[in-house]
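Taking it in order: structure first as structure tokens, then the write-up.
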Amino acid sequence: MAIVLIKQNDDLLFRQLKALEEAFLKEGGMRERMTRMRLEARRNGGGWSKTGDAHLK
Numbered sequence: 001m002a003i004v005l006i007k008q009n010d011d012l013l014f015r016q017l018k019a020l021e022e023a024f025l026k027e028g029g030m031r032e033r034m035t036r037m038r039l040e041a042r043r044n045g046g047g048w049s050k051t052g053d054a055h056l057k
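Numbering (full-length UniProt numbering), first residue to last: 1 to 57.
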């Protein structure tokens with residue numbers, strides 16, 4: 001019984017790793033996503049939102 005559970009766990013972890021790999025290749029890593037969001041905010045003339053700056057006051 002324990003071997004079956006270990007095998008199921010192994011399969012689930014393998015699927016999760018494959019999904020993470022595909023997401024990384026498609027969307028990039030954390031730094032790339034942060035840079036993309038920052039550039040998009042600059043392009044839209046936004047910068048930080050009023051609620052985003054609330055903790056600085």
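Don't be surprised by glycine CBs; every beta carbon is placed ideally from N, CA and C. Keep in mind the model is a prediction, meaning the values are calculated, not measured.
Residue i versus residue j - alpha carbon distance
i, j, result
"methionine 1", "asparagine 9", "13 angstroms"
"glutamate 32", "lysine 7", "35 angstroms"
"arginine 36", "methionine 30", "10 angstroms"
"arginine 15", "glutamate 22", "11 angstroms"
"leucine 20", "leucine 13", "10 angstroms"
"arginine 42", "aspartate 11", "43 angstroms"
The alpha helix (DSSP H) enclosing residue i, as first and last residue numbers
i, result
"asparagine 9", "2-27"
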